[in-house]
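Everything below concerns the one structure shown next.
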Amino acid sequence: MARLFVDGEQFRSARKQEQFTLDGWVDTAPFEDLLGINIEKAEEGRAILSMPFTVKLSQGGGLLHGGALTTLADTAVAMAIKSVLPEKTIFATTELSTHFVAPVKEGQVTAIASAKGPDGRSLRGEAVIVDEEGREVATFRSVFRIARGQGFED
């Protein structure tokens with residue numbers, strides 16, 4: 577379970593002492609913890625993450641909210657990236673696009689992600705999200721950027 581912090585600065589200060597480890601990462605990421613995201617695998621530029629459908633993550637029509645699906649995909653690509661970059665490398669999503677293919681009404685969804693790069697300070701990622709039956713429910717593409725001053729050049 578994630579620790580409760582009263583503000584973002586308190587959270588960032590506590591994170592400075594922590595090192596990235598895959599097993600405990602979601603516990604230090606409050607939003608991903610809230611969504612129930614689980615890291616199944618992240619290595620060699622690929623990642624598989626899962627998330628359960630819950631009523632709290634649904635939109636007014638009772639379907640899994642598109643923002644939750646997008647967060648799952650974005651986080652999966654970020655984990656794929658973390659698996660190839662040096663530890664503590666700072667990067668962020670700068671562009672993303674989600675194409676919703678089918679609704680999710682129950683069960684678990686899984687994001688299968690891959691990352692390419694870095695090319696200078698940029699990385700590209702893709703993910704497909706499938707339901708429990710393996711049906712595609714969304715596709716995702718993104719661009720990430722590594723912060724300046726970390727040894728990556730444009």
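For the sequence shown, this note's numbering assigns the number 577 to the initial residue and increments by one for each residue that follows.
Each residue gets a CB set at the ideal place from its N, CA and C atoms; glycine is no exception.
Span of the beta strand (DSSP E) around residue i
i, result
"Gly608", "For the record, residue 608 in the displayed sequence is Glu; it is not Gly. Not the beta strand (DSSP E): Glu608 falls in the alpha helix (DSSP H), residues Pro606 to Leu611."
"Pro694", "Gln684 to Asp695"
"Arg542", "Outside the shown range of the chain, which is 577 to 730, sits residue 542, and nothing can be said about it."
"Leu672", "Phe667 to Phe676"
Counted within 10 angstroms of its Cβ, other Cβ atoms place residue i as buried (16 or more) or exposed
i, result
"Gly696", "exposed"
"Val631", "exposed"
"Phe716", "buried"
Supposed close pair residue i, residue j - CB separation, criterion 8 angstroms
i, j, result
"Ala687", "Ser659", "That pair is no contact at about 14 angstroms."
N-terminal and C-terminal residue of the alpha helix (DSSP H) that residue i is part of
i, result
"Leu648", "Gly642 to Lys658"
Contacting residues, own chain, Cβ-Cβ under 7 angstroms from residue i (five flanking each side not counted)
i, result
"Thr669", "Asp650, Ser718 and Phe720"
"Ser634", "Leu640 and His641"
"Ala703", "Ala649, Ala652, Val653, Ala687, Ile688, Ala689 and Phe716"
Contacts around residue i, its chain only, beta-carbon distance under 6 angstroms, and the 5 residues preceding and following it disregarded
i, result
"Glu709", "none"
"Val713", "Val677, Ala678, Val680, Ile705 and Asp707"
"Leu731", "One cannot answer for residue 731 here, as it falls past the ends of the chain, which runs 577 to 730."
"Gln684", "Ser626, Pro628 and Glu708"
Residues near residue i in its chain [Cβ-Cβ closer than 8 angstroms; skip 5 each side]
i, result
"Ile722", "Leu661, Thr665, Ile666, Phe667, Pro694, Arg697, Ser698, Leu699 and Phe728"
"Lys617", "Ala623 and Ile624"
Does the count of Cβ pairs from the segment 656 to 668 and the segment 628 to 647 closer than 8 angstroms reach three?
no
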